[in-house]
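Chemist:
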Amino acid sequence: MKRAFQAVGWLLVLAIVWPRTAFAMHIMEGFLPPMWCLVWAAPTAAMVVFGLGGINRQLKDNPKLKMMLALSAAYAFVLSALKIPSVTGSCSHPTGMGLGAILFGPTAMAVVGIIVLLFQALLLAHGGLTTLGANGFSMAVVGPVVSYGLYKILDKAKASKGVAVFVSAFAGSLATYVVTSLQLALAFPAEVGGVAASFDKFAGIFAVTQLPLSAVEGLLTVYVFNFLMEYNRQELSELNLLELPIKSAQ
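Position 142 (the sequence shown) corresponds to 141 in numbering that gives the first Met the number 0; numbering is contiguous.
Laid out in structure tokens, this is it:
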């Protein structure tokens with residue numbers, strides 16, 4: 000676990016010193032009309048409240064999982080800080096939420112995602128407080144739900160761990176930007192074609208950067224998951240992600 004945190008630490012340094020344009024995380028402060036800020040904040044807040052209870056129960060039953068949860072949060076913070084400018088008022092970047100969704104489920108990652116977004120808004124000027132609900136809904140709610148659901152489906156289908164983790168992380172990251180495109184389209188419908196035309200425009204521009212970024216995130220998540228399988232098998236077993244061999248009685 001110490002080695003994993005060291006690797007994430009170096010990525011954090013890279014994320015901070017990497018030159019970048021002052022774009023917001025997903026949707027920047029003040030970019031969405033107040034009505035849409037409230038619309039997206041409501042379901043996000045509900046998911047966070049539900050997730051807090053789940054995390055409390057999970058860590059109460061097994062306090063040793065705190066380090067694993069912290070690693071998931073650090074992984075999400077670092078990856079989502081690496082940014083490529085995209086549509087005006089937004090940007091593209093990995094989300095880093097797939098790993099935690101696979102490990103702890105989508106409700107726990109709603110809490111982690113909101114904390115990550117809040118810290119980045121306050122410390123790195125990425126995103127904003129008024130758009131926290133909208134950004135949280137796309138990255139901390141929809142993305143983890145997609146990743147978790149796909150992982151469970153593929154795991155039941157007896158797919159290999161590598162394939163299940165890659166597809167889950169890839170699809171979750173991509174789903175985040177589909178939702179972001181929808182949020183922007185609803186707030187700013189095109190004069191000709193309305194919401195559908197606006198969605199096509201935003202999604203098309205996002206796809207140029209987000210498709211390869213999602214693939215890279217999927218591969219990196221597989222690498223980290225394999226690392227955890229090598230050095231943290233007990234924790235993965237307690238999360239019902241790995242079956243340990245039963246030791247025969249001597």
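Don't be surprised by glycine CBs; every beta carbon is placed ideally from N, CA and C.
With DSSP run on the structure shown, which of helix, strand or coil describes residue 159?
Modeler: Three-state DSSP puts residue 159 in coil, outside helix and strand.
Chemist: Buried or exposed: which applies to residue 32, given that a residue is buried once 16 or more other Cβ atoms fall within 10 Å of its Cβ?
Modeler: Result: exposed.
Chemist: Tell me the DSSP secondary structure of residue 238 in three-state form.
Modeler: In the structure shown, residue 238 sits in coil (DSSP, three-state: anything other than H, G, I, E or B).
Chemist: Would you call the CB atoms of residue 217 and residue 163 closer than 8 Å?
Modeler: No. Outside cutoff.
Chemist: Quick one: what's got a C-beta closer than 8 Å to residue 212's C-beta in the same chain, skipping five residues either side?
Modeler: So the list reads 83, 91, 92, 93 and 172, once near-sequence residues are dropped.
Chemist: Does DSSP put residue 41 in a helix, in a strand, or in coil?
Modeler: If DSSP states are grouped into helix, strand and coil, residue 41 belongs with the helices.
Chemist: Any chance the segment 151-160 sits against the segment 120-137, with 3 or more Cβ pairs inside 8 Å?
Modeler: Contact between the segment 151-160 and the segment 120-137 is absent, because fewer than three Cβ pairs lie under 8 Å.
Chemist: Would you kindly check if the distance between the Cβ of residue 181 and the Cβ of residue 205 is under 8 Å?
Modeler: No.
Chemist: Give the DSSP-derived three-state secondary structure of residue 124 in the structure shown.
Modeler: In the structure shown, residue 124 sits in coil (DSSP, three-state: anything other than H, G, I, E or B).
Chemist: What does the Cβ neighbour count give for residue 30, buried or exposed, with the cut at 16 atoms within 10 Å?
Modeler: Counting Cβ neighbours within 10 Å, residue 30 comes out buried, since at least 16 surround it.
Chemist: Should residue 101 and residue 176 be called a contact, given that it needs their Cβ atoms to be closer than 8 Å?
Modeler: It is not a contact, given that the beta carbons lie outside the stated cut-off.
Chemist: Quick one: using the 10 Å Cβ neighbour count with 16 as the cut-off for buried, is residue 105 buried or exposed?
Modeler: When all chains shown are included, residue 105 counts as buried.
Chemist: For residue 109, tell me which candidate among 170, 120, 80 and 52 has the shortest Cα-Cα distance.
Modeler: The shortest C-alpha separation from residue 109 is found at 52.
Chemist: Less than 8 Å between the C-beta atoms of residue 99 and residue 27, yes or no?
Modeler: Not closer than 8 Å, so no.
Chemist: To which residues of the same chain is residue 55 closer than 8 Å at the C-beta, ignoring the five residues directly before and after it?
Modeler: The answer is none, since no qualifying residue turns up.
Chemist: Which residue marks the beginning of the alpha helix (DSSP H) containing residue 136, and which one marks its end?
Modeler: Taken as a continuous stretch (DSSP letters only), residue 136 belongs to no alpha helix (DSSP H), as it is neither H nor E.
Chemist: Which residue wins for smallest C-alpha separation from residue 38, given the options 131, 144 and 65?
Modeler: Selected option, being the one with the closest Cα: 131.
Chemist: Taking C-beta to C-beta, are residue 174 and residue 119 nearer than 8 Å?
Modeler: Going by C-beta atoms, residue 174 is not nearer than 8 Å to residue 119.
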